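My numbering puts the last residue of the sequence shown at 96; the count rises by one with no breaks. Positions of the beta carbon are idealized from the N, C-alpha and C atoms, including for glycine. These figures come from a predicted structure and were not determined experimentally. What follows is a short report on a single structure.
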Amino acid sequence: MTARALTACLLFLAAATTAAAQTAGAGETAQKPVAAFGDDNPDCPNWGDGCVVCSRQPDGAVACSTPGIACLPGEPTCGRGRRRNP
């Protein structure tokens, strides 16, 4: 391989890597942590996003599970035992 062809290949790879890195973050939006769903929904005793499950403890603290390695989270929703009785 000539030096000219090698240089062209390296420039192409550098440009492709930069373009891929820019498009990877383009569609991402800042998502609130799943635990924050409980702050917005105080009457929901447990909730999850398909990966992480959180529940409100008797003392009011929030406890959440650890997500699996290949999990794709969705929008958080209120889970079983949906609402506390007022």
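Bounds of the beta strand (DSSP E) holding Ala-73 are 72–74.
Here the C-alpha atom of Ala-80 lies approximately 43 Å from the C-alpha atom of Thr-12. Under DSSP, the beta-bridge partners assigned to Val-63 are Gly-58.
Within a 10 Å sphere around the beta-carbon of Gly-48 sit 16 or more other beta-carbons, which makes this residue buried.
The beta carbon of Trp-57 sits closer than 6 Å to those of Phe-47, Cys-64, Pro-86, Cys-88, Gly-89, all from its chain and outside the five residues before and after it, given in chain order.
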